[in-house]
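A short write-up of the structure that comes next.
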Amino acid sequence: AYPSVAFIGLGNMGGPMAANLVQAGVQVSGFDLSADAVQTARSKGIEIVTDPLEAVARSEVVLTMLPSGKHVLAAYRDTPGLLAAARPGTIFLDCSTINISEAQEAAQLAERAGFRAADAPVSGGVVGAEAGSLAFMAGGSREVFDAILPLLEIMGGRIVHCGGNGLGQAAKLCNNMILGVTQIAVGEAFVLGERLGLSHQALYDVVSNASGQCWALTTNCPVPGPVPTSPANRGFTPGFAGALMAKDLTLASNALDEQGVDAQLGRLAAAIFSEFAAGPGERQDFSAIINTIRDNSDD
Ligand code: NAD
10 AYPSVAFIGL GNMGGPMAAN LVQAGVQVSG FDLSADAVQT ARSKGIEIVT
60 DPLEAVARSE VVLTMLPSGK HVLAAYRDTP GLLAAARPGT IFLDCSTINI
110 SEAQEAAQLA ERAGFRAADA PVSGGVVGAE AGSLAFMAGG SREVFDAILP
160 LLEIMGGRIV HCGGNGLGQA AKLCNNMILG VTQIAVGEAF VLGERLGLSH
210 QALYDVVSNA SGQCWALTTN CPVPGPVPTS PANRGFTPGF AGALMAKDLT
260 LASNALDEQG VDAQLGRLAA AIFSEFAAGP GERQDFSAII NTIRDNSDD
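Numbering (full-length UniProt numbering), first residue to last: 10 to 308.
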């Protein structure tokens, strides 16, 4: 039998993730502060509790899927104070994307209170959450990883144990830093190619088979045509929204600061996408950064 789950945070990601657990036969007690999220979750068959502490007290795993690290730490510690309500042996599993240092702090809080903890942030977006095909990057002891693996396998496809607490977040943020930088680089190359009279298709045919080959080009190609499924072919509806890329790069940039790493491109990508997400880019696929590059280029 699967461990029972208190699922805290039933938003765009948490709602469908919890629904997949229920479908697989996991005993889930769901909670969210938002009436809309609760209503949607109920319609998907998730049992809703009005007191999150009650959900925690009757579950073996407390899974949080919340907007930020502030929310996770507050929920653990003060409001509503999930740690104080848990029974012995509980595993605190945070799947939100938060600062690496906050993930480590959350795990420490749980461990000091006598519980076990893991971070397991995801990629794959709402589509992956609904399909149960998320990628999970997990941080925590091997023993905790083994205990949560059956749950992750219901919600996910590719699952990697990355090391100790916080290292799931670390792996996710390192990946997204590469992605942010390469999507800008691909956009810059296409705009330069346009200026030089190089067709999109010719540039694509060369680079996709050469050393510039990368996901930002071969899956998320920022011009319509060469990759018919990329967001550029549908007016840049996400995909992966600019707001989320800006968030993840800010978290990566915080980690760069904390570790004192001389990563100029990572920091620049964080600044570029933060500005992008402050405008219409917030809701566009992040590959629409190519439009900003065009707009900011000389006439
Ligand atoms: P969301 O805003 O849709 O959902 C978050 C939910 O948490 C909301 O329903 C909110 O009411 C609830 N909430 C906030 N504080 C709470 C509390 N104390 N108790 C109970 N509920 C509370 O966000 P989302 O898109 O589901 O994202 C969740 C996390 O997943 C974020 O950390 C995000 O960065 C990460 N993520 C999102 C995506 C994506 O494509 N949306 C992809 C990968 C990772």
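Glycine included, C-beta positions come from ideal geometry on N, C-alpha and C.
Residue i versus residue j - alpha carbon distance
| i | j | result |
| --- | --- | --- |
| Ala94 | Asp87 | 11 Å |
| Asp103 | Ala129 | 6 Å |
| Gly221 | Asn21 | 34 Å |
| Thr99 | Val135 | 28 Å |
| Met186 | Phe154 | 25 Å |
| Gly78 | Ala66 | 23 Å |
| Gly275 | Ala180 | 14 Å |
| Cys171 | Cys223 | 23 Å |
| Phe238 | Ala225 | It is worth fixing the name first, because residue 238 is Thr in this sequence and not Phe. Cα to Cα, the separation comes out at about 13 Å. |
| Glu267 | Thr301 | 30 Å |
| Gly137 | Ala250 | 14 Å |
| Asn218 | Leu258 | 28 Å |
Beta-carbon proximity of residue i to residue j, cut-off 8 Å
| i | j | result |
| --- | --- | --- |
| Gly39 | Glu56 | yes |
| Val232 | Phe199 | yes |
| Phe245 | Asp304 | no |
| Ile189 | Met254 | Looking at the sequence shown, residue 189 is not Ile but Gly. Yes, they are a contact pair. |
| Asn229 | Ser296 | yes |
| Glu111 | Val70 | no |
| Gln113 | Asn174 | yes |
| Gln178 | Gly148 | yes |
| Ala27 | Ala46 | no |
| Ala252 | Ala286 | yes |
| Phe101 | Ala140 | no |
Residue(s) in a DSSP beta bridge with residue i
| i | result |
| --- | --- |
| Gln214 | In the sequence as displayed, the identity of residue 214 is Asp instead of Gln. DSSP lists no partner for Asp214. |
| Asp304 | Paired residues: none, contrary to the question. |
| Ser38 | Ala15, Glu56 |
| Asp294 | Ala250 |
Of the listed residues the options, nearest to residue i (C-alpha basis)
| i | options | result |
| --- | --- | --- |
| Ala261 | Ile168, Ser132, Asn108, Phe285 | Asn108 |
| Ala10 | Leu226, Leu30, Ala138 | Leu30 |
| Ile193 | Pro76, Ser13, Ala280, Pro12 | Ala280 |
| Pro76 | Ser43, Leu207, Leu277 | Ser43 |
| Pro61 | Lys53, Thr73, Gly54 | Thr73 |
| Pro247 | Gly290, Ser150, Val215, Ala138 | Gly290 |
| Val35 | Ala126, Ala225, Gly54, Gly18 | Gly54 |
| Leu201 | Ser306, Arg121, Ala115 | Ser306 |
| Thr59 | Ala33, Ala83, Phe16, Pro25 | Phe16 |
Sequence ranges, beta strand (DSSP E) only - wholly within the segment 114-174, length at least 3 | 125-128, 143-148, 165-172
Any chance you could list the alpha helix (DSSP H) runs of at least 4 consecutive residues sitting entirely within the segment 188-257, in chain order?
-> 209-216, 224-227
What alpha helix (DSSP H) runs, 4 residues minimum, are completely inside the segment 53-115?
-> 61-66, 78-86, 91-94
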